[in-house]
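J.: Take a look at this one; I'll ask things after.
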Amino acid sequence: MNFDFSAEQYEFRDAFRDYLARDYPLAAHVRQATDYPLATPLWAGLSGMGLFGMLVPEAHGGLGLGFIDLALVLEELGRSLATPAAADTLAATDLLVRYGTPAQQACWLPGIASGTVRVALAVAEDGAGHGLDGLVTSARPIAGGYRLDGTKLMVAEAATADLLLVVARLPSQQQLSVFALPRDATGIALRPHTTLDIGARYVEVTLSSVHCDANALIGEVGAADRLYDTAAAIAAIELVGIGQQMLRVAVEYAKQREQFGRPIGSFQAIKHRCADMAVAVDAAASAAYFAAWAIAESPHEAPRAVSIAKSFCGDAARAACNGAIQVHGGIGFTWDLGLHYYLRRCKVLETTWGDANWHRERVLAETLAEMGLQAANSATHLSESLCKLAP
Amino acid sequence: MNFDFSAEQYEFRDAFRDYLARDYPLAAHVRQATDYPLATPLWAGLSGMGLFGMLVPEAHGGLGLGFIDLALVLEELGRSLATPAAADTLAATDLLVRYGTPAQQACWLPGIASGTVRVALAVAEDGAGHGLDGLVTSARPIAGGYRLDGTKLMVAEAATADLLLVVARLPSQQQLSVFALPRDATGIALRPHTTLDIGARYVEVTLSSVHCDANALIGEVGAADRLYDTAAAIAAIELVGIGQQMLRVAVEYAKQREQFGRPIGSFQAIKHRCADMAVAVDAAASAAYFAAWAIAESPHEAPRAVSIAKSFCGDAARAACNGAIQVHGGIGFTWDLGLHYYLRRCKVLETTWGDANWHRERVLAETLAEMGLQAANSATHLSESLCKLAP
Amino acid sequence: MDFSYTPAETRFREELRAWLRDALPPGWGKTVFEPEDEDARAMGRLEWERKLHAGGWSGINWPKKYGGRGATLVEQGIYAEELARARAPEGLNIIGRNLVSATLIRHGTESQRERFLSKILSGEEVWCQGFSEPNAGSDLASIRCFAQLDGDHFVVNGQKVWTSFAQYANWCILLARTNLEAPKHKGISLLLVDMRTPGITLRPLKQISGECEFNETFLDDVRVPRENLVGEINEGWKIAMTTLAAERGAEDALGRQIRFKQELDTLLLAATSLRTGESAAIDDSALRQKLAKAVVEIEIMRLNCLRSFSRWIRGIQLGPEESMMKLYWSHAAQDLFETALEVLGPKAALAAGDASAVAGGRFQLSFLHSKAFSIYSGSSEIQRTIIGERVLGLPK
Amino acid sequence: MDFSYTPAETRFREELRAWLRDALPPGWGKTVFEPEDEDARAMGRLEWERKLHAGGWSGINWPKKYGGRGATLVEQGIYAEELARARAPEGLNIIGRNLVSATLIRHGTESQRERFLSKILSGEEVWCQGFSEPNAGSDLASIRCFAQLDGDHFVVNGQKVWTSFAQYANWCILLARTNLEAPKHKGISLLLVDMRTPGITLRPLKQISGECEFNETFLDDVRVPRENLVGEINEGWKIAMTTLAAERGAEDALGRQIRFKQELDTLLLAATSLRTGESAAIDDSALRQKLAKAVVEIEIMRLNCLRSFSRWIRGIQLGPEESMMKLYWSHAAQDLFETALEVLGPKAALAAGDASAVAGGRFQLSFLHSKAFSIYSGSSEIQRTIIGERVLGLPK
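Chains as they are written, first to last, in this note's numbering: chain A, 4 to 394; chain B, 4 to 394; chain C, 46 to 441; chain D, 46 to 441.
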């Protein structure tokens, strides 16, 4: 048992951190907001460092690494507010590796590994709430394949994606399934969203009688759940990166900025707030790393571990963003300092792939199920045993 | 419009404050915990100052004042952890004044005003949750009166009460009603509780085929709700008193106690915590005073006002108790300093007459009803109007 | 204690409500809104202030001799409520009406009052506030902007920051150092500066919301006539404290409260309408708790204001207690807007301009604005120190 | 990163579990409990420690030469888990095992180690901790208890407070001032004091829970042989900091975590059983959120411990990071017990001894205990300062 990363994993992380800090500092976001898209050179850079091949087996041109190897890198992607297209592509890669047929893997994985295929995840829908249960986009079997209809919300960077993974409902078993569609398939229409997150482009994707062949269906039972959990785990880890960055920025400012003749970090109001941020962000990292391990190594523990992480990391990152702005005071409220880019991305990550409430509800349901406890009306027999649990 | 008390009301408050500080300081609680009951001289003292006659009309030997006049005095009762029998007797007085028949008023009010009749409220039941909806104690009409059966939880100072007000359910209309029973009526059995609050005695009251005559039924529709709301309002105001006292004690200690060569109150960690306590306790007072006004003058606003107060005051007092212990450090954790008496009473007041969650739920329900909004499925027509509310 | 209104007060409310109904365009706040363009919005707000003045509804609580109608505090509360209920625009000249006027009525000379007050009321002259500097934020008393007396003028040099609406302002109420030797609180004076004076340069500061309400203001040999000094020379700090207390007090807070209440009502409406399958967001107990908490906290904000007004009626002056008001509402409102985005679920990020945004994206904008609540008018850290030391008497 | 166990580790767990099954009375933790009387409970705990030692399950991570079995950190984690899972009693000699031993292994002389360590392991000698004084709580370095060197003895005079279990202790690890002139951190020494030495008087301190775990200890011309000095004279502060870091660290926290987890499981059981009409407390979404938050936070406490162990495996020493561990769990656990009472609804106040109390009133007692979590082993304020200055590098 060892809950630590290897020296190689730390080195890999450091390489990404150095690259992102050098080639993709906050200034890039400022440009990006007005001068979009900037993603292409970044994509090439990340790809050149091997990011998109990490999860891809060597047989398909990748490095054959696992999700744990990815964890610290995802933290860096979060910290540098990298494009959500990277997160989506990595979640899709995990799905293809676990659930894809040999033919699907051969078709998509080499392109992903080499950075030529970008994937966008089309899951959320208006009126469907968090999670998958409320989704209504339909997939109807037709001769030789399926016909998809529905409207997807908040699809990140779909305009520049090559492949869409769409979660849709098959009528026969009411089963949610994942379909891989070329982004330019007939019947796919995009409408750009305006969102809080001005460092990325999100679109509404409408599928009107989109036809695909049978080979577009990825995996069977469980693929949609796996996709959602992986995407949520990635969001949780990215939130840790945001939290760490906000802590770092707040601490640096508190060391320099003087008021009343002293660095403001010498005041307990600031010092203790930074300490609370540090404790929350560090605990968030514990949760996120464990979720990464569960995704990689222990699928049956993954839903609970992911939900623990996603709920806690969202709250910790939010507190860190708010704390960083507060520590900066007025200057923290200015556009040009750029703390708002983190606040904005943080809010998107908090409210996509299940918000904290949704994940907490799932944590409790999983915990009670493990304990053999039920909600509702079947628990009468327990009352007696409880009375005996004195003290 | 004037949201302030009169000079007379402040003077009356000061008289109670002086009396309680002199004759009933914290040391009395320390004695009380080992040497119970101490309530009798206190009762005589409070009675001598006119407390129990305040709400009683002059015709029945009282002062004919209103609930607003009582508010600041209740704050002092809370601050000094006075016996909950006082709160119960005052809530019962309000009920008798508003809902009692002339005969009932003539029977009980003079005794209450003179301090010879103490009342205990028997409302809560095991398994009934907060509020009145879950109560199952039954009142069955019999020849010339009613027969009551049921078990009541957490009845304060019932052993020394003269009169019990029991909330029970009539079978005909499933209507909750209030019955006034002499404490020594046949069929009433008491079992002492052991509770967190060692400054008062609570008992379980079992009613086994208790017979009463028709005159025992106080009021009709709404009496039980009024009783619950009044008791909750009193608890809210007492919680403000506890919060104020904990703030005062914490601030005094922070001024005196030195560590690192300075009074600890000069450290922002302590100073800012006290400031937050002050803001919360002051806001709680706003809510509690408004609830007192609504109870006195605007019954239709009372449920919402009481729920706003009870939820907020409970949270504020809890924070103040926890804050006071923390500011004191180790000494705050000792029995003899006595902060725990406040913590314990606070927890009882928080969790009786509806806890914060229960009252918040009621605030929301009342608010939505006022707005003409419904939960659940009848709101579709609103969606459109909402879209127009730009920006 | 009495929450009822006298017949005269009720008449005042009805008269105002009727006037507002006529003065605002039909559908105002429902189908007709303020322009999105910042400059157009600012001009609209100024126009609205002038309209209020023309109708006799400006500076209602001011003494009659300065053009007010000498309204009671209760009428003032009714006024704030009715304007907010009608979703009337905020004025542009908030600093002039609320801060400069209070300062001049209390500390100005009679000729300053005559010169400035009526033009504030009429909307003829808009004011901005030149207090903070890049190195004097929380530590406001360490300002360096220097005013050198040169005959009958001060010559001012320095830099100010967060000067709201400076781009529309005719005048600035400016804190400047006038004595370099004295302890820092004792060498500060308060000046009234004509924004057209040569040597003033503005640079807009873009906020995290994308708007440019704030500015940096550079002063380079700006000449200010000596008669524009408020109070005594080197006595500006105490006067500024009155100004800041007014900024943190109940009058400001009551107007805000009603706007927060409007947003909250819209949020409750949204929570009732936003559906997941069979149920609405409002059916979720956990969200209900947070919404109820918002209802409770915003309602208590109103009660705090009314208690504060009632203290004033008793003759208690503005003081450090106003910091409690401000600390309370800034956090209550920040929580409200965090809750708002939570209620929107997966649509939380859809902002103004998106066809699917809930309530036109207003909550996202308010969420961003709310981050400043705990910073401006004195950060929460400063308010807590004021409360700890000056209300509770804890040692420095 | 690897959460699986080696076959050897699994064997270790099974062996221990089997031993525990035999060593604890049948029905332990379900129908059979520790005695309610404090003294009887203390003696039972000591007996249990001796039983552990007899079975070879004491000080498992200690070096073999001092009677331990040199267990790995992973085995230590398994050990903590299994003891807690069996609801085995806590030992009485926690200070001896966790703090004194770590201090002596690192800073003691070989003869001190030989003299003391094996008797700690065997439960022959119980230890208490004499650090805090009435005027030296958060400001521990300002202790006044004075040890005057007199030939080959120190003569100690002063008063200590919060000396846990002093009434059962044979020895005390004591901080005393040995140089009145030096700066306060540089004049402190660490002594090992035989509690039978003449001049020691105890006075029990009753806690808010009604228990008397703590004492005041008065020292009046207490003679301590010079060889009972740990480390160099006047170098005791740094050594004490190691002791305190151990007290705040993962080893202590992991044992607590599992006990909190047990309480949480009991709470979930209670929430499923406590009914209002048709529904149980567990059906309420708002309570579910709070219970889930407790599940999340207590689970993360475990993960924090495991990460900390893993850092130790990498060779990173105990340090200020332990304050993060302690700050985290103390507040997570306080929230847990506030939630517990909330779940109980109108029965929240029914305490141990009441027939209707839920789970025998354990939650009320734990609630009261939890108020000390943010005070002892360094208050949360002290932990935040340590984290701010020594982990984050913020200026003093």
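Glycine included, each C-beta is placed from N, C-alpha and C at the ideal position.
Being a predicted model, the structure only gives us computed values, none of them experimental.
#1: Would you kindly work out how many angstroms separate the C-alpha atoms of M4/B and A239/B, rounded to a whole number?
#2: Cβ closer than 7 Å: which chain C residues qualify as neighbours of F336/A?
#3: On the criterion of 16 or more Cβ atoms from any shown chain inside 10 Å, does K350/B qualify as buried, or is it exposed?
#4: Do S355/D and F6/A have their beta-carbon atoms positioned less than 9 Å apart in this structure?
#5: In or out: P228/D buried (at least 16 other Cβ within 10 Å) or exposed?
#6: Residues of the stretch 318–331 of chain D in Cβ contact with chain C at a cutoff of 9 Å, in chain order, please.
#7: Relative to the alpha-carbon of Q177/B, which residue among T140/B, Y256/B, M157/B has its alpha-carbon at the smallest distance?
#8: Name the chain A residues whose beta carbon is nearer than 9 Å to that of E135/C?
#9: Where does G101/C land, buried or exposed, given buried means 16+ other C-beta within 10 angstroms?
#10: So, using beta-carbon positions, are E223/B and Y102/B closer together than 9 Å?
#11: By the three-class DSSP mapping on this structure, what secondary structure does D297/D have?
#12: Taking CB distances under 9 Å as the criterion, tell me whether E83/C reaches chain B.
#13: Taking the Cβ atom as the reference point for each residue, do D279/B and A234/B lie within a distance shorter than 9 Å?
#14: If you compare alpha carbons, which of T370/A, P60/A, G335/A is closest to H414/C?
#15: Going by CA-CA distance only, name the one from L372/D, F412/D, L410/D, G294/D that's closest to S425/D.
#16: Taking all protein chains shown into account, decide if A53/D is buried (16 or more other Cβ within 10 angstroms of its Cβ) or exposed.
#17: Return the chain-ordered list of same chain residues with a C-beta closer than 7 Å to the C-beta of A217/B, the five sequence neighbours on each side being excluded.
#18: Which residues of the stretch 199–213 of chain A have a Cβ closer than 8 Å to any Cβ of chain C? Give them in chain order.
#19: Starting from the Cα of D47/C, find the closest Cα among G69/B, R16/B, V330/B, Y345/B and give me that residue.
#20: Tell me where the beta strand (DSSP E) around E261/C begins and ends.
#21: Note down, in chain order, every chain C residue with its Cβ under 9 Å from the Cβ of C316/B.
#22: Pick helix, strand or coil for Q362/C, following the three-state DSSP scheme.
#23: Let me know the beta strand (DSSP E) ranges lying completely inside the stretch 150–227 of chain A, each 3 residues or longer, listed in chain order.
#24: Using a Cβ cut-off of 9 Å, which residues of the stretch 372–390 of chain D contact any Cβ in chain B, in chain order?
#25: Just checking my contact of S368/D with Q428/D at CB under 8 Å: how many whole Å lie between their CB atoms?
#26: Which word fits V158/B, buried or exposed, when buried means at least 16 other C-beta atoms lie within 10 angstroms of its C-beta?
#27: Between Y345/A and I233/D, what straight-line distance do the alpha-carbon atoms span, to the nearest angstrom?
#28: From the beta carbon of M286/D, is the nearest beta carbon of chain A less than 9 Å away?
#29: Between the Cα of N273/C and the Cα atoms of L220/C, A131/C, L314/C, which residue gives the shortest distance?
#30: At the level of alpha carbons, what is the spacing between R82/B and L247/D?
#31: Report, in whole angstroms, the separation of the C-beta atoms of V126/B and A161/B, which I expect to be a contact under 8 Å.
#32: Check whether the Cβ atoms of W216/D and V171/D sit closer than 9 Å, and answer yes or no.
#33: Compute the Euclidean distance between the alpha carbons of Q328/A and L250/A, then round it to the nearest angstrom.
#34: Do E83/C and E256/C have their CB atoms nearer than 9 Å?
#35: Go ahead and pull the three-state DSSP assignment for W216/D.
#36: Listed in chain order, which residues of the stretch 267–280 of chain A have Cβ atoms closer than 9 Å to some Cβ of chain B?
T.: So, from the data block:
#1: As a working mapping, residue 4/B is identified with position 1 in the second sequence. As a working mapping, residue 239/B is identified with position 236 in the second sequence. Whole-angstrom Cα-Cα distance: 23 Å.
#2: Residue numbering aside, residue 336/A sits at position 333 when the first sequence is read from its first letter. Those within 7 Å of F336/A in chain C are Q252, I253, K416, A417, I420.
#3: Within the second sequence, numbered from 1, the residue matching residue 350/B stands at position 347. Burial call: buried.
#4: Here residue 6/A refers to the residue found at position 3 of the first sequence. Here residue 355/D refers to the residue found at position 310 of the fourth sequence. Yes, Cβ-Cβ distance for F6/A and S355/D is below 9 Å.
#5: Here residue 228/D refers to the residue found at position 183 of the fourth sequence. By the 10 Å Cβ count, P228/D comes out exposed.
#6: D329, S330, A331
#7: Residue mapping note: residue 177/B aligns to position 174 of the second sequence, counting from 1. Out of T140/B, Y256/B, M157/B, T140/B has the C-alpha closest to the C-alpha of Q177/B.
#8: Walking along the third sequence from the start, residue 135/C turns up at place 90. By Cβ distance, chain A contributes nothing, its closest Cβ being about 19 Å from E135/C, past 9 Å.
#9: Locating residue 101/C in the third sequence gives position 56, counting from the first residue. Counting Cβ neighbours within 10 Å, G101/C comes out exposed, since fewer than 16 surround it.
#10: On the second sequence, position 220 is the one that residue 223/B refers to. On the second sequence, position 99 is the one that residue 102/B refers to. Yes, they are a contact pair.
#11: Within the fourth sequence, residue 297/D is the residue found at index 252, counting from 1. Helix, per DSSP.
#12: Here residue 83/C refers to the residue found at position 38 of the third sequence. No, E83/C does not count as interfacial toward chain B.
#13: As a working mapping, residue 279/B is identified with position 276 in the second sequence. As a working mapping, residue 234/B is identified with position 231 in the second sequence. No; because the gap between Cβ atoms is not below 9 Å, this pair is not in contact.
#14: Translated into the one-based positions of the third sequence, residue 414/C becomes position 369. Closest by alpha carbon: G335/A.
#15: Reading the fourth sequence from its first residue, position 380 is the one you call residue 425/D. The shortest C-alpha separation from S425/D is found at L372/D.
#16: Numbered from its first residue, the fourth sequence carries residue 53/D at position 8. The residue is exposed, with fewer than 16 neighbouring Cβ atoms inside 10 Å.
#17: To locate residue 217/B, count along the second sequence from 1; it is residue 214. For A217/B, where only same-chain residues beyond five positions count, the Cβ hits under 7 Å are G147, G148.
#18: L199, D200, Y205, E207
#19: Within the third sequence, the letter at position 2 stands for residue 47/C. If we check each option's Cα against that of D47/C, G69/B comes out closest.
#20: Taking the first residue of the third sequence as 1, we reach residue 261/C at position 216. Run containing E261/C: 259–270, per the beta strand (DSSP E) assignment.
#21: Here residue 316/B is taken as the residue at index 313 of the second sequence, counted from 1. The contacting residues do not exist; C316/B stays about 10 Å from chain C at best.
#22: Residue mapping note: residue 362/C aligns to position 317 of the third sequence, counting from 1. Three-state DSSP puts Q362/C in coil, outside helix and strand.
#23: 166–172, 179–185, 191–195, 205–216
#24: Q379, E383, L386, E387, L389, G390
#25: Locating residue 368/D in the fourth sequence gives position 323, where the first residue counts as 1. Locating residue 428/D in the fourth sequence gives position 383, where the first residue counts as 1. Indeed they touch by this definition, with Cβ atoms about 4 Å apart.
#26: Translated into positions along the second sequence, residue 158/B becomes position 155. With 16 or more other Cβ atoms within 10 Å, it is buried.
#27: Here residue 345/A refers to the residue found at position 342 of the first sequence. Here residue 233/D refers to the residue found at position 188 of the fourth sequence. Near 47 Å, if we compare the C-alpha coordinates of I233/D and Y345/A.
#28: On the fourth sequence, residue 286/D is found 241 positions in, with the first residue counted as 1. Closer than 9 Å: no.
#29: Position 228 of the third sequence holds residue 273/C. Cα-wise, what sits closest to N273/C is L220/C.
#30: For the purposes of this step, residue 82/B is taken as residue 79 along the second sequence, with counting starting at 1. For the purposes of this step, residue 247/D is taken as residue 202 along the fourth sequence, with counting starting at 1. Each residue's Cα considered, the two are about 35 Å apart.
#31: Sequence index remark: in the second sequence, residue 126/B carries index 123 (1-based). Sequence index remark: in the second sequence, residue 161/B carries index 158 (1-based). Wrong, their Cβ atoms sit about 12 Å apart, outside the cutoff.
#32: Mapped onto the fourth sequence, residue 216/D falls at position 171. Mapped onto the fourth sequence, residue 171/D falls at position 126. Going by C-beta atoms, W216/D is nearer than 9 Å to V171/D.
#33: As a position in the first sequence, residue 328/A is number 325, starting the count at 1. As a position in the first sequence, residue 250/A is number 247, starting the count at 1. Per the sequence presented here, residue 328/A reads as Ile, with Gln not at that position. Approximately 10 Å, taken between the alpha carbons.
#34: Here residue 83/C corresponds to residue number 38 of the third sequence, with the count starting at 1. Here residue 256/C corresponds to residue number 211 of the third sequence, with the count starting at 1. Cβ distance < 9 Å, so E83/C and E256/C count as in contact.
#35: Indexing the fourth sequence from 1 puts residue 216/D at position 171. It is a strand residue.
#36: F270, Q271, A272, I273, K274, H275
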